[in-house]
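Enquirer:
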Amino acid sequence: MKIKKLALLISAVFVTTQAVSQTQKQPSKKILSDIEVIEVLGRSSQTTFSDYSYSVTRTAADILEIPQSVSAVTKEVIQDQAMMRLNDVTPFISGANEYSVYDDITIRGFRSQDDRRVNGMRTHNNFWNQTLIAHVERVEVIKGPASAVFGDASPGGTVNTVTKKPLGESRHSISARLGSYSDKYVALDTTGKVASNDRWLYRFNAGYEDSETFRDNIFNESLLLSPSFTYLLSDDTKINVEVVYSDSKGLLDRGQPNLRNATDLSQVPISLSSNQPGDKLDTTSLSSSVTLDHHFNDYWSLGFKYMHLDSEQKLVEHRAATYVDGSDSVFNVWYTDRDIDADSDNVTAYITGKVYTGDVEHNIVIGGDYIDNHKLNAQRMSRSAGTFDILNPTYEQPDIASYNLGDRFEFGGGLKSNGLYIQDHIKFDDWSILASVRREDYKLTDLNGNESSDSDFLPRLGVVYNLTQDSSVYASWVTGFEPPSTFLNTEEQGGPFGPIDSYLYEIGYKAKLFDEKVLLTTSIYQITKQNVLVQDFARSQQLGYRVFRQRGEEQATGFEIDINGQLSDNWLVIANYAYNRAEITEDTNTLLIGKQKENAPKNSATLWSKYSLNDTWQLAAGASYVDKRNTTDEAVLPSYTLLQAGVYFKKPSWNAALLADNALDKQHWSGGYGYGQLFVGDPRTVSLTVNYTW
160 MKIKKLALLI
170 SAVFVTTQAV
180 SQTQKQPSKK
190 ILSDIEVIEV
200 LGRSSQTTFS
210 DYSYSVTRTA
220 ADILEIPQSV
230 SAVTKEVIQD
240 QAMMRLNDVT
250 PFISGANEYS
260 VYDDITIRGF
270 RSQDDRRVNG
280 MRTHNNFWNQ
290 TLIAHVERVE
300 VIKGPASAVF
310 GDASPGGTVN
320 TVTKKPLGES
330 RHSISARLGS
340 YSDKYVALDT
350 TGKVASNDRW
360 LYRFNAGYED
370 SETFRDNIFN
380 ESLLLSPSFT
390 YLLSDDTKIN
400 VEVVYSDSKG
410 LLDRGQPNLR
420 NATDLSQVPI
430 SLSSNQPGDK
440 LDTTSLSSSV
450 TLDHHFNDYW
460 SLGFKYMHLD
470 SEQKLVEHRA
480 ATYVDGSDSV
490 FNVWYTDRDI
500 DADSDNVTAY
510 ITGKVYTGDV
520 EHNIVIGGDY
530 IDNHKLNAQR
540 MSRSAGTFDI
550 LNPTYEQPDI
560 ASYNLGDRFE
570 FGGGLKSNGL
580 YIQDHIKFDD
590 WSILASVRRE
600 DYKLTDLNGN
610 ESSDSDFLPR
620 LGVVYNLTQD
630 SSVYASWVTG
640 FEPPSTFLNT
650 EEQGGPFGPI
660 DSYLYEIGYK
670 AKLFDEKVLL
680 TTSIYQITKQ
690 NVLVQDFARS
700 QQLGYRVFRQ
710 RGEEQATGFE
720 IDINGQLSDN
730 WLVIANYAYN
740 RAEITEDTNT
750 LLIGKQKENA
760 PKNSATLWSK
770 YSLNDTWQLA
780 AGASYVDKRN
790 TTDEAVLPSY
800 TLLQAGVYFK
810 KPSWNAALLA
820 DNALDKQHWS
830 GGYGYGQLFV
840 GDPRTVSLTV
850 NYTW
């Protein structure tokens with residue numbers, strides 16, 4: 160990878176642009192105010208929900224006129240909760256929960272891991288490593304398959320992070336956090352004009368974490384740097400350049416190995432890890448993006464985005480992999496030395512326009528996108544690196560030279576995918592109709608040059624009826640499409656596999672209450688997913704590596720309710736509840752039919768409230784509940800309820816927050832793959848965050 164060279168090139172471009180900026184003509188006041196609107200798109204006030212969403216339609220659509228459920232976690236919630244990583248938002252998304260401690264969550268019963276979006280652009284993630292979110296303005300989750308605009312997408316929902324943009328007004332803040340387990344975190348956010356030039360705006364975000372954890376031998380050290388520049392070419396045209404550099408050092412937490420067929424998971428310490436001295440997981444990534452927005456007139460505009468992403472991972476690990484024959488507590492240890500390189504190029508272009516046919520308004524979007532994604536995995540490993548007794552664990556410097564390491568081997572490949580789509584958001588009287596169709600094509604290529612490809616048409620139809628100015632009902636039908644993973648499509652791992660299809664039927668009700676300060680959303684849905692990739696455990700155990708197969712069908716039927724906003728001037732509430740029956744409906748293993756899907760709780764809920772005593776002091780309390788969950792074997796994760804409490808102190812230029820998460824120190828498991836790999840949730844943690852602005 161050429162991460163360092165690319166970083167130097169981008170830095171040179173930034174220096175050059177700053178120098179040139181001194182000679183540019185100043186823009187009008189109008190475009191500077193437009194930048195403010197873009198920064199807080201959908202934010203009529205600095206509160207906890209968005210009035211508008213850009214992600215569903217690629218236009219600034221009123222949330223009441225979108226025939227789909229959309230959840231958003233704004234920067235106010237991110238700051239109040241002292242969130243550092245993407246998984247921290249899951250309690251505030253109805254129907255979402257952690258699948259593992261990685262960048263890996265469940266939405267409406269379906270796993271979401273490889274379909275992240277950044278500013279609406281498709282990208283790949285590093286999975287094992289969650290980057291800091293110091294540069295994130297808000298996190299949006301579009302419920303159901305979002306293939307109509309984004310292409311390949313999980314049927315449960317798509318996670319889109321919106322990054323902070325440069326502002327014409329100078330704003331600066333620095334924050335620091337200290338917490339349990341030597342948790343230390345600092346963040347910087349600064350924005351304004353470059354050298355007092357109205358045409359050049361900048362923003363720089365940075366975050367640094369250095370923390371131990373409650374897990375044996377596990378630590379986190381992470382750095383994030385994100386400079387961005389906006390050039391206002393004219394009142395109708397602007398260009399934005401953004402770079403995100405992330406570097407993290409730590410260990411891969413494979414979870415807590417537990418007793419085989421245990422009925423009480425608490426018999427094993429929550430701190431237990433099979434990592435040994437010398438293990439590590441180092442991840443470096445660099446993304447650079449360019450965005451062009453141009454308004455031809457008051458009705459038509461053009462959007463163009465390009466993003467390049469490079470990432471490198473170095474993994475050295477010992478893992479408790481399989482039980483020793485005849486034992487319920489002793490594991491065979493596998494040793495892996497692995498390098499992962501990935502890169503992707505992503506292009507998105509679209510034209511938006513507004514036309515009228517009589518009294519009917521048409522908001523048209525015509526667009527296309529292309530992604531070229533490559534991933535290479537090179538590793539050496541040994542499946543006979545000793546044993547690990549979870550009842551009598553030892554941690555000693557391993558003698559790696561004595562391992563029977565096989566030859567270094569490579570696997571991976573490339574994915575090229577492109578799509579074309581047309582959409583019309585039609586409005587007349589109290590009705591609005593969202594109709595679109597997309598053509599999606601993809602081609603997978605393995606390291607031997609073998610290719611597999613497929614294509615599909617993806618229609619979407621939604622109808623909204625406005626009951627009043629502040630309430631609406633909707634119904635929608637959405638189709639989804641996912642190509643199989645590049646890593647898992649080889650013959651050795653059971654491939655090649657066909658595409659994964661999905662369908663959503665949803666009805667719902669939305670309303671703005673309490674003088675439009677509270678957003679209420681309710682929805683009833685049914686999602687069907689076909690040709691699901693699942694691990695073939697019998698063959699995996701036989702061959703000693705992961706082998707997959709395609710399950711016929713899974714289906715989720717559920718209900719969600721979200722309440723978000725200010726009940727009064729001094730009382731803020733975020734509440735959600737989700738009921739989700741996610742079951743296996745077709746499988747060659749008939750014993751699985753009718754069984755609840757893995758890591759898919761039937762019930763989950765969150766309640767969080769903050770009350771202002773006066774202009775200086777605020778008190779907060781909350782609770783989150785997750786029902787019991789199945790895993791990929793017979794292990795069942797018990798249900799849990801976590802309590803949170805907080806005290807906030809606020810002054811004009813600085814504020815502080817004292818938070819206690821899992822205040823009653825409830826032992827719980829946030830996710831898991833099976834008895835050998837369970838992910839323990841954090842015990843009680845206390846943190847103090849101080850933020851200074853100027």
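First residue of the sequence shown? That's 160 in the numbering used here, and the numbers climb one at a time after it. Heads up, the beta-carbon is just placed ideally off N, CA and C, and yes, glycines get one too.
Can you say whether S595 is buried or exposed, counting buried as having 16 or more other CB atoms within 10 angstroms of its CB?
Expert: Here the question's residue 595 lines up with position 436 in the sequence shown. So S595 ends up on the buried side.
Enquirer: Is it buried or exposed, H827, if we count other Cβ atoms within 10 angstroms and call 16 or more buried?
Expert: Walking along the sequence shown from the start, residue 827 turns up at place 668. Per the 10 Å Cβ criterion, buried.
Enquirer: In chain order, which beta strand (DSSP E) runs of at least 3 residues are fully inside the region 628-700?
Expert: 630-641, 659-672, 677-694
Enquirer: Could you check what DSSP says for A307 in three-state terms: helix, strand or coil?
Expert: Numbered from its first residue, the sequence shown carries residue 307 at position 148. Reduced to three states, the DSSP call for A307 is helix.
Enquirer: Which term fits N850, buried or exposed, when burial requires 16 or more other beta carbons within 10 angstroms of its beta carbon?
Expert: Position 691 of the sequence shown, counted from the first residue, corresponds to residue 850. Classification of N850: buried, given that the 10 Å Cβ count is 16 or more.
Enquirer: So K513 packs on Y458, CB below 8 Å; how close in whole Å?
Expert: In the sequence shown, counting from the first residue as 1, residue 513 sits at position 354. In the sequence shown, counting from the first residue as 1, residue 458 sits at position 299. Yes, K513 and Y458 are in contact; Cβ-Cβ is about 5 Å, under 8 Å.
Enquirer: Since I398 contacts L451 with CB under 8 Å, what's their CB separation in whole angstroms?
Expert: The sequence position of residue 398 within the sequence shown is 239, counting from 1. The sequence position of residue 451 within the sequence shown is 292, counting from 1. That pair is a contact at about 5 Å.
Enquirer: Cα separation between S271 and N356?
Expert: Position 112 of the sequence shown holds residue 271. Position 197 of the sequence shown holds residue 356. Going from the Cα of S271 to the Cα of N356 covers about 43 Å.
Enquirer: Cα-Cα, which of Q652, G667, A312 is closest to V626?
Expert: For the purposes of this step, residue 626 is identified with residue 467 of the sequence shown, where counting begins at 1. Going by the sequence as given, residue 626 is Leu instead of Val. Among Q652, G667, A312, the Cα nearest to that of L626 belongs to G667.
Enquirer: Please classify Q426: is it buried, with 16 or more other beta-carbons within 10 angstroms of its beta-carbon, or exposed?
Expert: In the sequence shown, the residue the question calls residue 426 occupies position 267. With fewer than 16 other Cβ atoms within 10 Å, it is exposed.
Enquirer: How would you call S381, buried or exposed, if buried means at least 16 neighbouring beta carbons within 10 angstroms?
Expert: On the sequence shown, residue 381 is found 222 positions in, with the first residue counted as 1. Classification for S381: buried.
Enquirer: Could you name the residues of the same chain whose beta carbon sits closer than 7 Å to that of L191, not counting the 5 residues immediately before and after it, in chain order?
Expert: Within the sequence shown, the letter at position 32 stands for residue 191. Since pLDDT at L191 reaches only 39, below the 50 mark, its modelled position is unreliable, and the value read off the structure follows with that caveat. So the qualifying residues of the chain are G327, D357.
Enquirer: Just curious, the beta strand (DSSP E) that K810 is in, first and last residue?
Expert: Walking along the sequence shown from the start, residue 810 turns up at place 651. Counting along the chain, K810 falls outside any beta strand (DSSP E), and DSSP gives it neither H nor E.
Enquirer: Output yes or no for whether 9 Å exceeds the beta carbon distance between A764 and Y807.
Expert: Along the sequence shown, read from residue 1 onward, the residue named residue 764 stands at position 605. Along the sequence shown, read from residue 1 onward, the residue named residue 807 stands at position 648. A distance of 9 Å or more separates the beta carbons of A764 and Y807.
Enquirer: Looking only at its own chain, which residues have a Cβ that is under 6 Å from the Cβ of G835, when we skip the five neighbours before and after it?
Expert: The residue labelled residue 835 in the question sits at position 676 within the sequence shown. Answer for G835: P416, listed in chain order.
Enquirer: Specify the secondary structure class of T249 as computed by DSSP and reduced to three states.
Expert: As a working note, residue 249 is residue 90 in the sequence shown. Of the three classes helix, strand and coil, the one that applies to T249 here is helix, per DSSP.
Enquirer: By Cβ distance, which residues of its chain are closer than 7 Å to H477, with the 5 residues on each side in sequence left out?
Expert: Taking the sequence shown and counting its residues from 1, one reaches residue 477 at position 318. Excluding residues within five positions, the ones whose Cβ falls inside 7 Å are S433, N434, Q435, D438, V492, Y494, A544, P557.
Enquirer: With distance defined between alpha-carbon atoms, name the residue in L726, E712, I733 nearest to A741.
Expert: Locating residue 741 in the sequence shown gives position 582, counting from the first residue. It is E712.
Enquirer: From which residue to which residue does the beta strand (DSSP E) around E713 run?
Expert: Numbered from its first residue, the sequence shown carries residue 713 at position 554. From DSSP, the beta strand (DSSP E) with E713 extends over 707-727.
Enquirer: With DSSP as the reference, please indicate the residues paired to T844 in a beta bridge.
Expert: For the purposes of this step, residue 844 is taken as residue 685 along the sequence shown, with counting starting at 1. The partner list for T844 (beta bridge, DSSP) reads D820.
Enquirer: Which of the three DSSP states, helix, strand or coil, is assigned to I292?
Expert: The residue you call residue 292 lines up with position 133 of the sequence shown. In the structure shown, I292 sits in coil (DSSP, three-state: anything other than H, G, I, E or B).
Enquirer: Please state whether DSSP places H584 in a helix, a strand or coil.
Expert: Position 425 of the sequence shown holds residue 584. Residue state, collapsed to three classes: strand.
Enquirer: From the DSSP output, which residues share a beta bridge with H453?
Expert: Here residue 453 refers to the residue found at position 294 of the sequence shown. DSSP output for H453 lists T396, L461 as bridge partner(s).
Enquirer: Looking only at its chain, what residues have a beta carbon closer than 7 Å to the beta carbon of L817, apart from the 5 residues adjacent to it on each side?
Expert: Looking up residue 817 in the sequence shown gives position 658. Result list for L817: G805, V806, L847, in chain order.
Enquirer: Along the chain, where does the beta strand (DSSP E) containing E742 start, and where does it finish?
Expert: If you number the sequence shown from 1, residue 742 lands on position 583. Its beta strand (DSSP E) spans residues 730-745.
Enquirer: Count the other C-beta atoms from every protein chain shown that fall within 10 angstroms of the C-beta of H331, then say buried if there are 16 or more, exposed otherwise.
Expert: Position 172 of the sequence shown, counted from the start, is the residue given in the question as residue 331. With fewer than 16 other Cβ atoms within 10 Å, it is exposed.
Enquirer: When DSSP labels each residue in this structure, what does T775 get in the three-state scheme?
Expert: Here residue 775 corresponds to residue number 616 of the sequence shown, with the count starting at 1. Of the three classes helix, strand and coil, the one that applies to T775 here is coil, per DSSP.
Enquirer: Per DSSP, what kind of secondary structure is K234 in: helix, strand or coil?
Expert: The sequence position of residue 234 within the sequence shown is 75, counting from 1. Reduced to three states, the DSSP call for K234 is helix.
Enquirer: Does the beta-carbon of G303 have 16 or more other beta-carbons within 10 angstroms, so that it is buried, or is it exposed?
Expert: For the purposes of this step, residue 303 is taken as the residue at position 144 of the sequence shown. Buried, since its Cβ has 16 or more Cβ neighbours within 10 Å.
Enquirer: Use the C-beta contact count for G840: other C-beta atoms within 10 angstroms, 16 or more gives buried, fewer gives exposed.
Expert: The residue labelled residue 840 in the question sits at position 681 within the sequence shown. With 16 or more other Cβ atoms within 10 Å, it is buried.
Enquirer: How many Å lie between D824 and P842 at the Cα?
Expert: In the sequence shown, residue 824 corresponds to position 665, counting from 1. In the sequence shown, residue 842 corresponds to position 683, counting from 1. Going by the C-alpha atoms only, they are around 5 Å apart.
Enquirer: Can you say whether K669 is buried or exposed, counting buried as having 16 or more other CB atoms within 10 angstroms of its CB?
Expert: Here residue 669 refers to the residue found at position 510 when the sequence shown is read from its first residue. With 16 or more Cβ atoms within 10 Å of its Cβ, K669 is classed as buried.
Enquirer: Using only alpha-carbon positions, find the residue among R539, L603, D518 that is nearest to W590.
Expert: Position 431 of the sequence shown, counting from 1, holds the residue named residue 590. Nearest C-alpha to W590: D518.
Enquirer: Going by Cα to Cα distance, which pick from A480, N532, L383, Y465 is closest to K408?
Expert: Counted from its first residue, the sequence shown places residue 408 at position 249. Nearest C-alpha to K408 among A480, N532, L383, Y465: L383.
Enquirer: Output the distance between the C-alpha atoms of D469 and V402, rounded to the nearest integer angstrom.
Expert: Taking the first residue of the sequence shown as 1, we reach residue 469 at position 310. Taking the first residue of the sequence shown as 1, we reach residue 402 at position 243. So the alpha carbons of these two residues sit roughly 12 Å apart.
Enquirer: To the nearest angstrom, how far is it from the Cα of L474 to the Cα of P760?
Expert: Reading the sequence shown from its first residue, position 315 is the one you call residue 474. Reading the sequence shown from its first residue, position 601 is the one you call residue 760. Their backbone Cα atoms lie some 32 Å apart in a straight line.
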